[in-house]
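Asker: Here it is, the structure, as structure tokens.
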Amino acid sequence: MVVGQFFKNGTAILFKRQTTIISAATIMMMLVLASRVLGLVRDRLLAHFFPVGFLDSYRLAFVLPDFIANVLIVGTLSIAFIPVFTTYLNSKDEKEGWKVASSVLNLSLLFFALVAIVIFIFANVIYQATPLKADPDKLILTANLTRIILVGELLLILGNFFTSVLQSFHRFIIPAIAPVLYNLGIIIGILWFRQFFGFELGLYGVALGVVFGGVFHVLVQVVLAKSLGFKYNFKFRFRDPGVARIVKLSLPRAASIAFAQAEWGVSLFLALFLAAGSAGILGFALDIQNFPIGIFGITFATAAFPTLSMEWSSGKIEDFKTTFLSTFHQILYLTIPISVLFMVLRVPVIRIILGTGFFDWPSTVATAVTMSYFAIGIFAQSTFFLLIRAFYSLHDAATPLKVAFVSLLFHIAISVGAIIIFGGNPIPVSFLGLAFAMTGIFSFVTLLFLLDRKVGGFDKAKLYLPIAKVVFSALLMGVLLYLPLHLRIGDKYIIDQIIDTTRAFNLLVLTGAAFAFGLGIYTLLTWWLQSEELKTFAKLLPDFKKVQKFLVFEESLESDAPSR
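Going by my numbering, the residue at position 169 of the sequence shown is 217; the numbering climbs one at a time, nothing skipped.
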């Protein structure tokens with residue numbers, strides 16, 4: 049009886065409509081946290097089973113498939129599709145909306161397939177233009193991995209389509225579960241498929257795991273999409289007004305993503321000229337930086353986007369400003385202290401996450417320094433997603449495009465300038481992380497300034513005072529945490545005399561205690577400064593106590609579940 053009710057209400061919760069930004073973001077954060085944790089587990093397994101030199105091919109193999117999928121498809125579905133599709137939902141014209149949705153899906157798959165076929169055929173030729181030409185075996189491996197990953201990206205396009213559809217209906221739980229299963233698929237590839245190919249070719253098994261994860265990503269969402277009314281229609285309808293609006297809105301976004309992807313491509317290309325494994329180290333550091341960005345930045349921006357779009361389209365300008373500022377400050381409240389903690393605890397964080405198997409001490413130090421430079425821009429990278437969605441809520445795609453182009457030039461200038469400054473000597477891989485952070489901060493400042501002008505100006509006290517409170521609290525937390533951890537007697541740290549940090553368990557306990565201590569200080573400081581964001585999050589605590597009631601006891605959740 050109880051078990052049956054658990055599954056009954058559990059299914060209802062999965063299909064339940066999330067009606068507020070904070071509730072949607074909270075649910076998504078928990079699931080994205082699970083996905084990001086699995087992502088770190090994936091990276092730890094990669095570091096354990098493969099030398100970092102092998103992972104250069106793995107990282108490079110994702111560049112072209114990711115570039116095409118993100119430029120042509122993902123930006124269209126996540127940004128351009130939702131505002132237009134919700135217009136049909138609001139006007140009670142769902143039937144026409146589903147026809148438009150099918151056309152967008154068909155066009156997306158067609159464009160990707162055409163470009164993917166070219167890459168599939170000419171992958172070896174393409175990689176001849178990189179430093180890999182000096183290592184034929186690595187070039188062939190990278191080309192073959194790219195071909196396999198293209199299949200996984202095709203599935204992710206389909207999965208991202210269903211994600212956008214479900215988010216348009218304010219269903220956020222199932223879309224947030226999909227990336228969890230995607231990472232699980234890759235982990236299965238590392239642990240299981242890898243064994244069929246042997247040590248030197250084990251990365252083929254990892255690539256098959258990407259395909260496996262893509263299958264999971266689609267299947268977990270398709271049932272709910274169909275229950276909401278989705279019916280596939282094999283028509284392209286190039287001239288449909290809705291399709292035309294989506295294409296028109298997506299073209300600048302596609303170009304913006306192309307510029308952003310090019311930033312990563314430039315850094316990865318430069319990393320290939322450095323010591324073997326530099327691309328792998330850069331990828332690991334980026335993944336760790338993306339951990340808080342995915343949990344806080346993307347979830348809040350995704351949850352806020354439908355509300356921002358509706359408020360602006362309804363002419364509720366002040367409501368739009370309020371929604372944006374509250375979400376903006378909540379992201380900063382959560383990410384700025386994480387940035388500081390990552391900088392202060394960079395080495396133990398890397399040792400805990402990656403310190404296993406083939407991942408040696410020089411790789412640990414290089415990744416830690418690179419990650420700490422990435423961390424400087426975590427707050428900017430996190431709010432970037434909200435800023436972009438704010439402009440798209442205004443149906444303004446031109447401004448983010450211009451900023452993305454200028455940011456790319458800024459990024460290239462920094463990278464090339466470094467090569468000139470170092471006089472032709474190899475630049476440290478950590479500098480590539482710093483270049484990313486500086487570019488992110490440049491984009492953040494520029495977009496915020498332009499959005500302020502676009503919406504008629506934010507109240508400056510409401511905009512900057514919460515930021516000042518958070519920055520002050522986070523910096524003071526960092527100082528109070530750094531000092532006791534770096535006290536020395538002679539040439540030895542006191543903390544090392546108390547705890548043997550060469551043992552993994554001791555290091556884990558120490559790092560966990562340091563995080564807890566730092567966050568405790570930060571919370572007390574923001575409480576003392578009467579932070580509104582802390583008050584908002586505090587109001588959520590009683591809701592977590594209701595989880596057992598929702599899952600086990602009889603509740604009238606069926607009214608929120610899909611009825612179609």
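For every residue, glycine included, the Cβ atom is placed at its ideal position computed from N, Cα and C.
If you draw a straight line from the alpha carbon of Arg92 to that of Thr404, how long is it in whole angstroms?
Answerer: Spanning the two alpha carbons is a distance of roughly 7 angstroms.
Asker: Compare the C-alpha of Glu234 against each of Arg219, Gly262 and His218 and name the closest.
Answerer: Looking at the sequence itself, residue 234 is Ile, so the reference to Glu does not match. With distances taken between Cα atoms, Ile234 lies closest to Gly262.
Asker: Just verifying my parser: in three-state terms, what is the DSSP assignment at Ile547?
Answerer: DSSP places Ile547 in coil when its eight states are reduced to three.
Asker: Measure the C-alpha to C-alpha separation of Tyr440 and Thr211 and round it to an integer number of angstroms.
Answerer: Each residue's Cα considered, the two are about 18 angstroms apart.
Asker: Evaluate the contact criterion for the stretch 103–118 versus the stretch 184–202: three or more CB pairs, one atom per stretch, below 8 angstroms.
Answerer: They touch, by the three-pair rule.
Asker: Just to confirm the assignment: which complete alpha helix (DSSP H) runs, minimum length 4, are found wholly within the stretch 501–529?
Answerer: Runs of the alpha helix (DSSP H) inside the stretch 501–529: none found.
Asker: Alpha carbon to alpha carbon, how far is Thr375 from Leu582?
Answerer: Between Thr375 and Leu582, the C-alpha separation is close to 13 angstroms.
Asker: Residues in its own chain within less than 7 angstroms of Ala349 by CB, not counting five upstream and five downstream?
Answerer: So the qualifying residues of the chain are Phe433, Leu434 and Arg437.
Asker: So, does the stretch 444–460 touch the stretch 391–403, judging by three or more C-beta pairs under 8 angstroms?
Answerer: Contact fails: fewer than three Cβ-Cβ distances are below 8 angstroms.
Asker: What whole-angstrom Cβ distance do Ser357 and Thr134 have, given they're in contact under 8 angstroms?
Answerer: Confirmed, Cβ separation roughly 6 angstroms.
Asker: Which class does Tyr541 belong to by DSSP, given the choice of helix, strand or coil?
Answerer: Strand at Tyr541.
Asker: In this structure, does DSSP put Arg84 in helix, strand or coil?
Answerer: Looking at Arg84 - three-state DSSP - the assignment turns out to be helix.
Asker: Determine the extent of the alpha helix (DSSP H) in which Lys587 is found, giving its start and end residues.
Answerer: Per DSSP, Lys587 belongs to no alpha helix (DSSP H) and is neither H nor E.
Asker: Would a C-beta distance cut-off of 7 angstroms place Gly257 and Ile236 closer than the cut-off?
Answerer: Closer than 7 angstroms, so yes.
Asker: Applying the criterion that 16 or more other CB atoms from any shown protein chain within 10 Å of the CB defines a buried residue, is Phe244 buried or exposed?
Answerer: So Phe244 ends up on the exposed side.
Asker: Hey, how far is the Cα of Pro686 from the Cα of Met78?
Answerer: As shown, the chain starts at 49 and ends at 612. That puts residue 686 outside it, with no answer to give.
Asker: In chain order, what residues of the same chain lie with their CB nearer than 7 angstroms to the CB of Ser420, ignoring the 5 residues before and after it?
Answerer: Around Ser420: Phe390, Met391 and Arg394.
Asker: What is the DSSP secondary structure of Ala177, reduced to helix, strand or coil?
Answerer: Three-state DSSP puts Ala177 in coil, outside helix and strand.
Asker: By how many angstroms is the C-alpha of Ile542 removed from the C-alpha of Ala306?
Answerer: Roughly 49 angstroms between the two C-alpha positions.
Asker: Report the option in Gly465, Ile336 and Phe368 whose CA atom is closest to the CA atom of Leu86.
Answerer: Closest option to Leu86, Cα to Cα, is Ile336.
Asker: Give the range of the alpha helix (DSSP H) segment to which Ser411 is assigned.
Answerer: Run containing Ser411: Trp409 to Ala423, per the alpha helix (DSSP H) assignment.
Asker: What would DSSP say about Arg536, mapped onto helix, strand or coil?
Answerer: The answer is strand: DSSP assigns Arg536 an E or B state.
Asker: Would you mind stating whether Asn281 and Lys143 have Cβ atoms separated by less than 7 angstroms?
Answerer: Contact: no.
Asker: Can you confirm whether the stretch 525–538 touches the stretch 554–569 when touching is taken to mean that 3 or more C-beta pairs between the two stretches lie within less than 8 angstroms?
Answerer: Verdict: yes, contact present.
Asker: Specify, as a first and last residue, the run of the alpha helix (DSSP H) that Trp240 falls within.
Answerer: Here Trp240 belongs to no alpha helix (DSSP H), and DSSP marks it neither H nor E.
Asker: Using 8 angstroms for Cβ pairs, my map puts Leu253 next to Phe241. What's the rounded Cβ distance?
Answerer: Note that residue 253 is Gly in the sequence shown, not Leu. Rounded, the Cβ-Cβ distance is 3 angstroms, consistent with contact.
Asker: Could you tell me the alpha carbon to alpha carbon distance between Gln429 and Arg551, rounded to whole angstroms?
Answerer: Taking the straight line joining both Cα atoms gives about 34 angstroms.
Asker: Let me check understanding here. Comparing Cα to Cα, which of Gln215, Lys283, Phe284 and Leu330 lies closest to Ala273?
Answerer: The residue with the shortest Cα to Cα distance from Ala273 is Gln215.
Asker: Contact between the stretch 379–387 and the stretch 283–299: three or more CB pairs below 8 angstroms?
Answerer: Too few Cβ pairs lie closer than 8 angstroms, so no.
Asker: Leaving out the 5 sequence neighbours to the left and right, which residues in its chain are closer than 7 angstroms to Phe97 when beta-carbon positions are compared?
Answerer: Excluding sequence neighbours, Phe97 sits near Ile238, Arg242, Gly250 and Gly405.
Asker: Which residues bound the alpha helix (DSSP H) around Pro113?
Answerer: Unbroken alpha helix (DSSP H) run through Pro113: Val100 to Ile116.
Asker: My parser needs the beta strand (DSSP E) runs of 3 or more residues fully inside the stretch 241–316; what are they?
Answerer: Here no run is fully enclosed.
Asker: Specify the secondary structure class of Pro223 as computed by DSSP and reduced to three states.
Answerer: Three-state result, Pro223: helix.
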